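If you're matching them up, the sequences are chains G and P in order.
Counting in our numbering, the first sequence runs from 1 upward without gaps.
Counting in our numbering, the second sequence runs from 1001 upward without gaps.
Here the structure comes first, spelled out in structure tokens, and everything after it is commentary.
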Amino acid sequence: MRFPFRLALRHLLDKKIRNGLTVAAISVAVFLLCFLIAIVQGLEASVRSASATRLVTQSAVSLFVSLPISYQHKIDSVDGVYLSTKFRWFGAYYQDQENFFAQFAVDPNRFLDMYTKDIEIIEGPGGITGPDARAAVQKAFDSDRRAAIIGTGLRDDERYGFRIGDTVPLIPLLYPRADGGAWDFVIVGYYRPLKDRIPDTTMYFRADYLNEAFESGEAYGDIAAGVYYVNTLENAPVEQVAQEIDEMFANGPQRTKTITEAAFASFFISAMGNLPLFLGTIGGAVLFSIFFSVVNTMMISGRQRIQEAGILQALGFRPITSTMLLIYEGLLISLIGGGCGIVLAVTTERPIMQMLGQSIRNYQITPDLVLLAVAISSILGIVAGLAAGLPFLRYRPTEALRSFE
Amino acid sequence: MTDAFIVLEKVCKSYSRGGETLHVLDEFNLSIPESDFVALMGPSGSGKTTILNLVGGLDSCDSGLVRVAGAPVSTMSRRELPAWRSRHVGFVFQSFNLLPVLTAHENVMLPLQLTPLSGPERRKQADFALDIVGLSDRASHRPAQLSGGEEQRVAIARAIATDPDVIIADEPTGDLDRNSADGVLEILSRLNSELGKTVLMVTHDPLAASKAQRLLELDKGVLIEDRQIEDQQREGA
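Structure representation (structure tokens):
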């Protein structure tokens, strides 16, 4: 037996406004769903890809309380510690407050050693690229305390367009200079992130540039480290190392709290509340409301087609044909709507990524997410078609023929 | 009796309405030979449409036997009946029952989807059926763009598209004006006389009934009149 596809298509086209509105509603819902899931995945990606052997030592009081620089060599002496680096939020902008990007004061050589698997120096001073680029950058860091590396995102962003050799004046928000001027930095290299969670719009520079300026009175601020990033030796007991670090400073000027990099990343997410759960709840609500909307559309369609079911049965079609017609229609409506929603999500990926900027670094409409959206749309259509079409199975032809909408 | 084309033997049929059982047919017997044109008349509730539904396999009887072209329709399952209907019976309804979203040609093509014919063969068959009812030029029109008479002719084309043995017509002229009704009756007569189709028609219209070869009159489920209509009478009608 052949299935009357043409009849299903004609029904779809016959109720253009009703079906069009349903398609539009599904499009918006699927787009929203993709958007929300991409945000949750973006947030979770930073936690998932965090290094398992890296610790973050911060003040036990608050993340915003800096740790003394004297702690570093003590941390380095703990069994199982491979390397540590200062990591201090600078907080300055370029020319206009709108032009804000992340800057961190680090120990450059230690930082580059620690982040070998996370970032790659792709170009150093004098246009040096390839394996020699990193050595050239390290040399530049050693010779100029204003030296800084930037991510490729800052190089490519038209608002900045920073190039190697440029002197970049940044206007401080946290650490003003005595002369009231800007802090100058000299770009000595570009890095490219090797992991999703690492943004390509960050600048890293020498921590001692800050501390020396504070010490000499050129600028106002405390000589400190912010937090310490600590790489442990492979196979070292990470939790035990963290505990030893904290015990060492239990009576120190600043008590510390040492946690894994993943926990540190989670902290930022949880600082916004349980965002994944919140967004997931919204996504679920969107899904349910659109599900009821599609079921309603298909039920209306079904009620108007009881007599048609009788006619089809009189012509020799089995009752399930009418059920399958509604499932097919529901599936088509959902897939067209879902497809539009997916196209919308994919085409707006870049603008949304730019809009979210640093807050959610890994907003991506991945192929898996597209497949999930297609699957959800399909299930939506099939279930809605089934809900509307199942009653046809119990109608006898004479009953169905007698019915009038 | 068993040599007849359509046979109803001791058929009982009742309906439950509002807790009350309504006995429509009680041990009803009927025999119709092949290629006959039978008109069923009688007041509302006399059992005319019930007989059509039982013969067409749209409804089942409580007891008794319904046999059409040798097939035991009354004992067929709900799964078997649709396939049997698609091969052996063509229905024509009072309210036409065309699908409004399809064109005349597509409506006629619909039952052909249940046949093993290829796409081009089905199109050719639908063209032929529309040609028989004189509506080839209206093939691409939807039911809403056709007159009542034209709609009923399309319905007849749909009923004969699969070349069934029996055409069951339930008040086919009930919703039509005299001219259109005459056109429809003319087609049914031709299908009977030229193509040998067995036609079973319910009607309230004596003029329509006079086009048949045989008139059956029912009252409260009982056959009160069964007579042949003479050729002269038919021609004069």
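Even glycine gets a Cβ: it sits at the ideal position worked out from N, Cα and C.
This structure is a prediction, so every number in the text was calculated from the model and none was measured.
- Residue 1198(P) and residue 1071(P) have their C-alpha atoms spaced approximately 15 Å apart.
- 307, 308, 310, 311, 312, 313, 314, 315: these are the residues of the region 283-315 of chain G whose beta carbon lies less than 9 Å from some beta carbon of chain P, given in chain order.
- Linking residue 220(G) to residue 369(G) through their CA atoms gives a straight-line distance of about 48 Å.
- The CB of residue 1059(P) comes closer than 9 Å to the CB of 396, 397, 398 in chain G, given here in chain order.
- In the three-state scheme derived from DSSP, where H, G and I count as helix and E and B as strand, residue 305(G) is classed as coil.
- Sorting 1132(P), 1106(P), 1168(P) by C-alpha distance to the C-alpha of residue 1122(P) places 1106(P) at the top.
- Pairing residue 391(G) with residue 1223(P), the inter-Cα distance amounts to about 37 Å.
- Under the Cβ criterion (8 Å, minimum of three pairs), the region 1197-1214 of chain P does not count as touching the region 1119-1136 of chain P.
- Here residue 1026(P) has 1012, 1221 as same chain residues with Cβ atoms under 7 Å from its own Cβ, once five neighbours each way along the sequence are excluded.
- Interface with chain G (8 Å Cβ-Cβ cutoff): residue 1086(P) is included.
- Here the alpha carbon of residue 1217(P) sits roughly 23 Å from the alpha carbon of residue 1074(P).
- Residues of the region 1166-1194 of chain P with a C-beta less than 8 Å from any C-beta of chain G: none at all.
- When the alpha-carbon of residue 90(G) is set against those of 202(G), 104(G), 24(G), the nearest one is in 104(G).
- The residues 148, 150, 162, 163, 164, 165, 166, 168, in chain order, have a CB closer than 7 Å to that of residue 187(G) in the same chain once the five nearest residues on each side in sequence are set aside.
- Contact check for residue 332(G) against residue 4(G) fails: the beta carbons are separated by 8 Å or more.
- With a cutoff of 8 Å on beta-carbon distance, residue 204(G) and residue 100(G) are scored as not near each other.
- If one requires a minimum length of 4 residues, the alpha helix (DSSP H) runs lying completely within the region 1106-1137 of chain P are 1119-1132, in chain order.
- Judged by DSSP in its simplified three-state form, residue 1050(P) adopts helix.
- About 6 Å separates the beta carbon of residue 1168(P) from that of residue 1055(P), a gap short enough to meet the 8 Å contact definition.
- Apart from the 5 residues on each side of it in sequence, residue 402(G) has no Cβ closer than 7 Å to any other Cβ in its chain.
- Under the three-state reduction of DSSP output, residue 1141(P) falls in the coil class, being neither helix nor strand.
- Residue-level contact by beta carbon fails for residue 393(G) and chain P, as no gap is shorter than 8 Å.
- Listed in chain order, the beta strand (DSSP E) elements of length 3 or more contained wholly in the region 211-271 of chain G are 227-232, 256-260.
- The beta carbon of residue 1099(P) sits closer than 8 Å to some beta carbon of chain G.
- Excluding five sequence positions before and after residue 241(G), the CB atoms of its chain that fall closer than 7 Å to its own CB belong to 55, 78, 80, 81, 232, given in chain order.
- With a threshold of 8 Å between beta carbons, residue 317(G) makes contact with chain P.
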